[in-house]
Amino acid sequence: MKIALIGPGIMPIPPPGWGAVEILIWDYYLELTKQGHQADIINKMRTSDYDQSSAETMYSRELIQTINDGNYDFVHIHYDCLYYIMPYLTCPHVAITSHFPYIDQPDKYGGFDVIFHNICYNRNHSIFALSKKDYDVFESQCVDKSRLFLLVNGANHNKILPNYNGKNKNRSIYIAKVDERKQQRKYCTIPNIDFYGKCDDHHFSQLACYRGEKPHDELMDIMAGYGNLVLLSTGENGTPLVIKEALMAGLPVVTNKYASNDLNENLPFIDIIPDDKLGNLEYIEQIIQNNLGKQWMKDDIRKYAVEYFSWEKLVSDYVGVK
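Sequence positions in the sequence shown follow the numbering used here and run 918 to 1239.
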């Protein structure tokens, strides 16, 4: 099958560091190619927001032409801001995935309401939801439910491997772009947590617990040497990619309900902080410490991740859906 994966055009794919959507697209590309499909990444770099404001800009006309000239069997748009190009694509099968983190919180839509309604009311494309939460929201609004599919994201089990002798096994790692949604400032006083990720907050970047932004492959090696992953978020469209990457490395995880949408919360190595405890730092610190003690389950954690979130399995399911 000849497949085009359409990127946001914000940064290169694969990204030099931070960029969950770009990492997701790259992992899709690698696995599709491995399984014998002809996959192309079309990630035309934009120079301003205006480039992606309508189908009439030079950027959009060139993007549409490039996609149509490829004569693809299937086109998958991974950036919902490009919803407006869909009516102009000649490919017989077109799908779009939204990565908007507040899709179940309409009070936070802002300009997203226009994008959301256009995606829901178009009968000629498929919607690929990244989580059950997203699926339920789209199901309540889309006009053609037969074209709605749940396809969760995964992690690369070949590149992310456990480290049984990590030098930071008594510490926790918190990986995310530093912003209000990921709440690093709220939790940075909890002892023994190291924070990694893109940071535009000058004050936070000066803290001893902030360890910087690393290239993705290097960051995965660093992560595998820690005792567990902590991530407490107020907005996600599915389980964050880094949580699945941590599970693939055999790390126990501490997270919250909003960031655990497609995880088995009954598993002993996944600890969920209740919503009414997210402001209780002493409680969270104790849960993190208890979770660190579950590293002996590393093989079971890895087994769970490979069984449910390996790209090999997920992409096999993916190519059967249009």
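Where is the CB? At the ideal position from N, CA and C, for every residue including glycine.
Own chain residues within Cβ distance below 7 Å of residue i, not counting five before or after
i, result
"residue 934", "1115, 1130, 1131, 1132, 1133"
"residue 1067", "1046, 1049, 1052"
"residue 1151", "1098, 1100, 1175"
"residue 1062", "1056"
"residue 1124", "1105"
"residue 1179", "1048, 1049, 1069, 1155, 1156"
"residue 1229", "948"
Supposed close pair residue i, residue j - CB separation, criterion 8 Å
i, j, result
"residue 1111", "residue 1128", "5 Å"
"residue 1015", "residue 997", "4 Å"
"residue 1086", "residue 1144", "5 Å"
"residue 918", "residue 1236", "6 Å"
"residue 972", "residue 981", "7 Å"
"residue 1218", "residue 1167", "5 Å"
"residue 1184", "residue 1222", "Rounded, the Cβ-Cβ distance is 11 Å, inconsistent with contact."
"residue 1036", "residue 1020", "Wrong, their Cβ atoms sit about 10 Å apart, outside the cutoff."
"residue 901", "residue 1190", "The question about residue 901 has no answer here: the residues shown for the chain are numbered 918 through 1239."
Where residue i falls, given that 16 or more other Cβ within 10 Å makes a residue buried
i, result
"residue 1041", "exposed"
"residue 1004", "exposed"
"residue 938", "buried"
"residue 1169", "buried"
"residue 948", "buried"
"residue 962", "exposed"
"residue 1157", "buried"
"residue 965", "exposed"
"residue 1159", "buried"
"residue 970", "exposed"
"residue 1220", "exposed"
"residue 1172", "buried"
"residue 1089", "buried"
"residue 1060", "exposed"
"residue 977", "buried"
"residue 1198", "exposed"
"residue 1233", "exposed"
"residue 1113", "buried"
"residue 1122", "exposed"
"residue 1181", "exposed"
"residue 1027", "exposed"
"residue 1038", "exposed"
"residue 967", "exposed"
Close beta carbons around residue i, own chain, < 6 Å, minus the five adjacent residues each side
i, result
"residue 1007", "985"
"residue 1064", "1043"
"residue 943", "930, 931"
"residue 1162", "1072, 1077"
"residue 1226", "1071, 1072, 1161"
"residue 1142", "1080, 1083, 1084, 1085"
"residue 1208", "1145, 1169, 1171, 1188"
"residue 1011", "992, 1003, 1042"
"residue 936", "928"
N- and C-terminal bounds of the alpha helix (DSSP H) containing residue i
i, result
"residue 1186", "Neither: residue 1186 is in no alpha helix (DSSP H) and is coded neither H nor E."
"residue 1217", "1215-1226"
"residue 938", "937-951"
"residue 1054", "1049-1058"
"residue 986", "975-986"
"residue 1159", "1158-1165"
"residue 1067", "Per DSSP, residue 1067 belongs to no alpha helix (DSSP H); it is in the beta strand (DSSP E), 1065-1067."
Residue interval of the beta strand (DSSP E) (run including residue i)
i, result
"residue 1145", "1143-1148"
"residue 1089", "1085-1092"
"residue 1170", "1170-1173"
"residue 955", "955-959"
"residue 1030", "Where residue 1030 is concerned, there is no enclosing beta strand (DSSP E), although the alpha helix (DSSP H) it sits in stretches over 1029-1038."
"residue 1119", "Not the beta strand (DSSP E): residue 1119 falls in the alpha helix (DSSP H), residues 1119-1122."
"residue 1241", "Given that the chain is displayed from residue 918 to residue 1239, the structure contains no residue 1241 and the question cannot be resolved."
"residue 919", "919-923"
"residue 1013", "1011-1013"
Cβ shell of residue i (< 8 Å), same chain only, five flanking positions each side left out
i, result
"residue 1194", "1200, 1201"
"residue 1032", "997, 998, 1000, 1015, 1017"
"residue 940", "931, 932, 1133, 1158"
Cβ-heavy atom distance, residue i to the ligand MG, below 7 Å
i, result
"residue 1214", "Although the ligand MG was asked about, the structure shown includes no ligands whatsoever."
Segment contact flag, the region 1212-1227 with the region 1033-1052, C-beta cutoff 8 Å, min 3 pairs: Because the criterion of three Cβ pairs below 8 Å is not met, the region 1212-1227 and the region 1033-1052 do not touch.
Touch test, the region 920-930 against the region 992-1008, Cβ-Cβ under 8 Å, three pairs minimum: In this structure the region 920-930 touches the region 992-1008; the number of beta carbon pairs closer than 8 Å is three or more.
Given 8 Å, three or more beta-carbon pairs between the region 1056-1074 and the region 1090-1107: Result no; under three Cβ-Cβ pairs closer than 8 Å.
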